[in-house]
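Q:
Residue numbers (the working numbering), protein chains in the order written: chain A, 3 to 377; chain B, 76 to 435.
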């Protein structure tokens, strides 16, 4: 497949893998965090860890949009979905996220009108086609998905659509990275920076990581070769005792980001004072809400929500997984009480969640060396 | 105290092998119909305790019956069709309902003889469309060499069914001595597929028009009985046959690995997948290994039979793109591994969740 196969070339991968092996100091362990869930998914799906030396440990970061939504917000979403006048629209992954009383899929089975969409524009289309219903879009995601919500809001406003509402849960990546760097639990040697988020925000916002924390950042693409090259570029910085923000994904990411997308976000949304993240707790100025001028589209103002902070189930350690403090398999319920078919925590739901990726794809990792892969 | 990775992995494997005794869900959700783990839980924890018997318990594509030990054994199977849209590139619900049950019978090695057809029609459904569906069932039945020997029609109020649902059941006769069973699988056996993967599921997704992808893609719905006959005529080395419908190749292989207590290694580079299917999957974040097929089979064959079996498949019009895609290993028991085209490896497990509702 053009534009894909060239980033999955096994011969290039082997060469890069050898060069990476040449850059590590035997016995000196390095912890690199891939911030973005898209990377986590690619790493397990393509078996990228098989091509890395034992010295390198990839630590999975908080950049999984489904994973970071706290239980209380999911309860709010279900409360909206249960209203008889509402058609509740959501990305597929959110359907299965457990809340206090089951998931959106369960709410649907109990009679709520919950529909999966691929884009907020699909939700807006539903609103146009069903003028007697109230169509609510469950907006989640980092700066990657925020622009599409912003543009949809602008279009709804321009068309004067009155029955479309957004339940806004958009979050921003920088405060989450900051929280991880400030956390005493974890010593990281470098970051594989988010690719798609950076197409919007550019690479400058990561400078504090290199400057204030002395850690290399390489913004990387999502093909397995991109990830390998990202690792290689971090190791080169470490070898040269540099800490800079580099852009491996320059075929897509421009240093300054996408001004048009940023303007659309700024025109429709503003920072919340604070927002709760699953596992990371409340982080100030880390999420967006609709601007007052767009309050007529704001589901949080339209509907009465429980708005209660709900603690995660006691056994669930998604928070520690999201911070990279523990590996998925170190969680007390991983693979036993919490599985992809009956998830307890969000990390086991999303295909970008570290637990789901490890469970579905990476489970063999521990035995791999004793029983090599097929020739 | 951190858990030991190996212990955790072992615990997961033990758990995967245990039958599901308790259904945790209070309501049926779409996931229970998707053919993955939730479907298994529903069958094992709800239906089998009430309906289980030696004929049903193996949960094979067909039950094998013996009429008082007299005459040849019979294969018996049933399937219901709720596909949306009813008409799609490459076929429609009628053709699918015939081919699906014909294929379930064929996978047991039987020659399909006759089918029953049950129609649940929604009030207001256009008779023209119903006639088209009946006509295409007739054509498919003739092509597969089966008779529709019994039929039933029910009409339900508007809004209580989505146009039309079709159920078919079928009977076939086992004329061969070969025992096709997962328990016959041995380390060293080879895994063959009869053609490109994911065509049906992806054609349906695109036919729904929700994705606004412009791709020319046809369902692969086809009756496989003659392909099976050609394969079984060519070699006695076939261990087991499966048709990878809902849940795709991944789910079938995971089921075989678990029930035969063997490891199965698949080679991603050898998997035949059309560029269009690959491209659409890439955009949607779906793995073609999990996408449904309605005209393909998987054969596990003895190592010495692999070449003959592959040639037999390729010599048939429905097997022209057949490929050798993997082999059976002793280790790790119960697990399917995929060597990725990139040079790494990963586990292939049954599907959890439901990316493609109502594909068949």
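No residue lacks a Cβ here, since even glycine has one placed at the ideal position from N, Cα and C.
Note that this is a predicted model, so its numbers are computed, not measured.
When the Cα atoms are used, what is the spatial distance from residue 376 (chain A) to residue 401 (chain B)?
A: As a first step, residue 376 (chain A) must be located in the first chain, where it is residue number 374. As a first step, residue 401 (chain B) must be located in the second chain, where it is residue number 326. Residue confidence for residue 376 (chain A) is low, a pLDDT of 43 falling below 50, so the modelled location carries little weight; the figure read from the coordinates is stated next. Spanning the two alpha carbons is a distance of roughly 9 Å.
Q: Could you give the first and the last residue of the continuous beta strand (DSSP E) run that contains residue 92 (chain A)?
A: Your numbering for residue 92 (chain A) matches position 90 in the first chain. Residue 92 (chain A) -> beta strand (DSSP E) spans 88-92.
Q: Can you check whether the C-beta of residue 376 (chain A) is within less than 8 Å of a C-beta belonging to chain B?
A: As a working mapping, residue 376 (chain A) is identified with position 374 in the first chain. Low confidence applies to residue 376 (chain A): its pLDDT is 43, below 50, so where it sits in the model is not reliable, and the reading given next is rough at best. Closer than 8 Å to some Cβ of chain B, the Cβ of residue 376 (chain A) qualifies, so yes.
Q: Listing by chain order, which chain A residues have their CB less than 9 Å from the CB of residue 90 (chain B)?
A: By 1-based counting over the second chain, the position of residue 90 (chain B) is 15. The answer, in chain order, is 337, 338, 341.
Q: Can you list the residues of chain A that residue 422 (chain B) reaches, using a CB-CB cut of under 8 Å?
A: Looking up residue 422 (chain B) in the second chain gives position 347. Under the 8 Å cutoff, chain A gives 362, 363, 364, 365, 366.
Q: Determine the contact status of residue 157 (chain B) and residue 273 (chain B), defining contact as a CB-CB distance below 8 Å.
A: In the second chain, residue 157 (chain B) corresponds to position 82, counting from 1. In the second chain, residue 273 (chain B) corresponds to position 198, counting from 1. Cβ atoms of residue 157 (chain B) and residue 273 (chain B): not closer than 8 Å.
Q: Can you list, in chain order, the residues of its chain with a C-beta nearer than 6 Å to that of residue 329 (chain B)? Leave out the 5 residues immediately preceding and following it.
A: The count along the second chain starts at 1 and reaches residue 329 (chain B) at position 254. Excluding residues within five positions, the ones whose Cβ falls inside 6 Å are 411, 424, 425.
Q: Considering Cα atoms alone, identify which of B:251, B:360, B:282 is closest to residue 312 (chain B).
A: To locate residue 312 (chain B), count along the second chain from 1; it is residue 237. Selected option, being the one with the closest Cα: B:251.
Q: I'd like to check one pair, residue 247 (chain A) with residue 205 (chain A): are the Cβ atoms closer than 8 Å?
A: Mapped onto the first chain, residue 205 (chain A) falls at position 203. Mapped onto the first chain, residue 247 (chain A) falls at position 245. It is a contact, given that the beta carbons lie within the stated cut-off.
Q: Alpha carbon to alpha carbon, what distance is there between residue 25 (chain A) and residue 53 (chain A)?
A: Taking the first chain and counting its residues from 1, one reaches residue 53 (chain A) at position 51. Taking the first chain and counting its residues from 1, one reaches residue 25 (chain A) at position 23. Going from the Cα of residue 53 (chain A) to the Cα of residue 25 (chain A) covers about 14 Å.
Q: Is residue 383 (chain B) helix, strand or coil when you go by DSSP?
A: The residue you call residue 383 (chain B) lines up with position 308 of the second chain. Reduced to three states, the DSSP call for residue 383 (chain B) is helix.
Q: In its own chain, which residues sit with a C-beta less than 8 Å from the C-beta of residue 258 (chain B), not counting the 5 before and 5 after it?
A: Residue 258 (chain B) sits at position 183 when you count from the first residue of the second chain. So the list reads 334, 335, once near-sequence residues are dropped.
Q: Is residue 403 (chain B) near residue 327 (chain B), with beta carbons less than 8 Å apart?
A: Taking the second chain and counting its residues from 1, the one referred to as residue 403 (chain B) is at position 328. Taking the second chain and counting its residues from 1, the one referred to as residue 327 (chain B) is at position 252. No.
Q: State the CB to CB distance for the pair residue 152 (chain B) and residue 219 (chain B), rounded to an integer number of angstroms; the pair is presumed to be in contact (CB under 8 Å).
A: On the second chain, position 77 is the one that residue 152 (chain B) refers to. On the second chain, position 144 is the one that residue 219 (chain B) refers to. With a Cβ gap of about 13 Å, residue 152 (chain B) and residue 219 (chain B) do not count as contacting.
Q: Considering only DSSP beta bridges, list what residue 214 (chain A) is partnered with.
A: By one-based count along the first chain, residue 214 (chain A) stands at place 212. DSSP lists no partner for residue 214 (chain A).
Q: Opposite residue 240 (chain B) in the DSSP bridges: which residues?
A: As a working note, residue 240 (chain B) is residue 165 in the second chain. Beta-bridge pairing links residue 240 (chain B) to B:195.
Q: Does residue 264 (chain A) have its Cβ less than 8 Å from a Cβ in chain B?
A: One-based indexing of the first chain puts residue 264 (chain A) at position 262. No, no contact with chain B.
Q: Three or more C-beta pairs under 8 Å: does that hold for the region 120-135 of chain B against the region 222-238 of chain B?
A: No: fewer than three Cβ pairs fall under 8 Å.
Q: Would you mind telling me which residues of chain B sit closer than 8 Å to residue 279 (chain A), beta carbon to beta carbon, in chain order?
A: Reading the first chain from its first residue, position 277 is the one you call residue 279 (chain A). Here the premise fails: no neighbours, minimum Cβ distance about 23 Å.
Q: Kindly list, in the order they appear in chain B, the residues whose Cβ is closer than 7 Å to that of residue 226 (chain A).
A: To locate residue 226 (chain A), count along the first chain from 1; it is residue 224. Residues of chain B passing the Cβ test: 417.
Q: So residue 18 (chain A) packs on residue 250 (chain A), CB below 8 Å; how close in whole Å?
A: Position 16 of the first chain, counting from 1, holds the residue named residue 18 (chain A). Position 248 of the first chain, counting from 1, holds the residue named residue 250 (chain A). With 8 Å as the limit, residue 18 (chain A) and residue 250 (chain A) do not qualify as a contact, their Cβ atoms being about 12 Å apart.
Q: Am I right that residue 153 (chain A) and residue 266 (chain A) are in contact with their C-beta atoms under 8 Å? What's the rounded C-beta distance?
A: Along the first chain, read from residue 1 onward, the residue named residue 153 (chain A) stands at position 151. Along the first chain, read from residue 1 onward, the residue named residue 266 (chain A) stands at position 264. Contact flag correct, Cβ pair sits at about 5 Å.
Q: Counting contacts by CB-CB distance shorter than 8 Å, is residue 285 (chain B) in contact with chain A?
A: The count along the second chain starts at 1 and reaches residue 285 (chain B) at position 210. Answer yes: the Cβ-Cβ gap between residue 285 (chain B) and chain A drops below 8 Å somewhere.
Q: When you check each C-beta in the region 191-205 of chain B against every C-beta of chain A, which residues fall closer than 8 Å?
A: Listed by position along the chain: nothing, the set is empty.
Q: Taking Cβ to Cβ, would you say residue 308 (chain A) is nearer than 8 Å to residue 77 (chain A)?
A: Position 306 of the first chain holds residue 308 (chain A). Position 75 of the first chain holds residue 77 (chain A). Yes.
Q: Would you verify that the beta carbon of residue 104 (chain B) is, or is not, closer than 8 Å to some beta carbon of chain A?
A: Walking along the second chain from the start, residue 104 (chain B) turns up at place 29. Judged by the 8 Å Cβ criterion, residue 104 (chain B) is in contact with chain A.
Q: Does any CB atom of chain A fall closer than 8 Å to the CB of residue 168 (chain B)?
A: What you label residue 168 (chain B) is simply residue 93 of the second chain in a count that begins at 1. Not closer than 8 Å to any Cβ of chain A, the Cβ of residue 168 (chain B) fails to qualify, so no.
Q: Could you list which residues in chain B have their beta carbon closer than 7 Å to that of residue 48 (chain A), in chain order?
A: Taking the first chain and counting its residues from 1, one reaches residue 48 (chain A) at position 46. Result: 415, 417, 419.
Q: Would a C-beta distance cut-off of 8 Å place residue 130 (chain A) and residue 163 (chain A) closer than the cut-off?
A: Here the question's residue 130 (chain A) lines up with position 128 in the first chain. Here the question's residue 163 (chain A) lines up with position 161 in the first chain. Contact flag set, yes.
Q: Under 8 Å, Cβ to Cβ, is there at least one residue of chain A near residue 80 (chain B)?
A: Start at 1 with the first residue of the second chain, and residue 80 (chain B) comes out as number 5. By this cut-off, residue 80 (chain B) is an interface position.
Q: Can the beta-carbon of residue 301 (chain B) be found less than 8 Å from the beta-carbon of residue 275 (chain B)?
A: Taking the first residue of the second chain as position 1, residue 301 (chain B) is located at position 226. Taking the first residue of the second chain as position 1, residue 275 (chain B) is located at position 200. Contact: no.
Q: Rounded to the nearest angstrom, what separates residue 287 (chain A) and residue 278 (chain A) at their Cα positions?
A: As a first step, residue 287 (chain A) must be located in the first chain, where it is residue number 285. As a first step, residue 278 (chain A) must be located in the first chain, where it is residue number 276. Computed Cα separation, rounded: 10 Å.
Q: Where does residue 208 (chain A) fall in DSSP's three states?
A: Here the question's residue 208 (chain A) lines up with position 206 in the first chain. Of the three classes helix, strand and coil, the one that applies to residue 208 (chain A) here is helix, per DSSP.
Q: In chain order, which continuous runs of the alpha helix (DSSP H) of length 4 or greater are located wholly inside the region 198-268 of chain B?
A: Correct list: 202-219.
Q: Could you spell out where the beta strand (DSSP E) holding residue 122 (chain A) opens and where it closes?
A: Counted from its first residue, the first chain places residue 122 (chain A) at position 120. It is not in any beta strand (DSSP E) - residue 122 (chain A) instead sits in the alpha helix (DSSP H) that spans 122-131.
Q: Can you tell me which of the three DSSP states residue 135 (chain B) falls into?
A: Here the question's residue 135 (chain B) lines up with position 60 in the second chain. Residue state, collapsed to three classes: coil.
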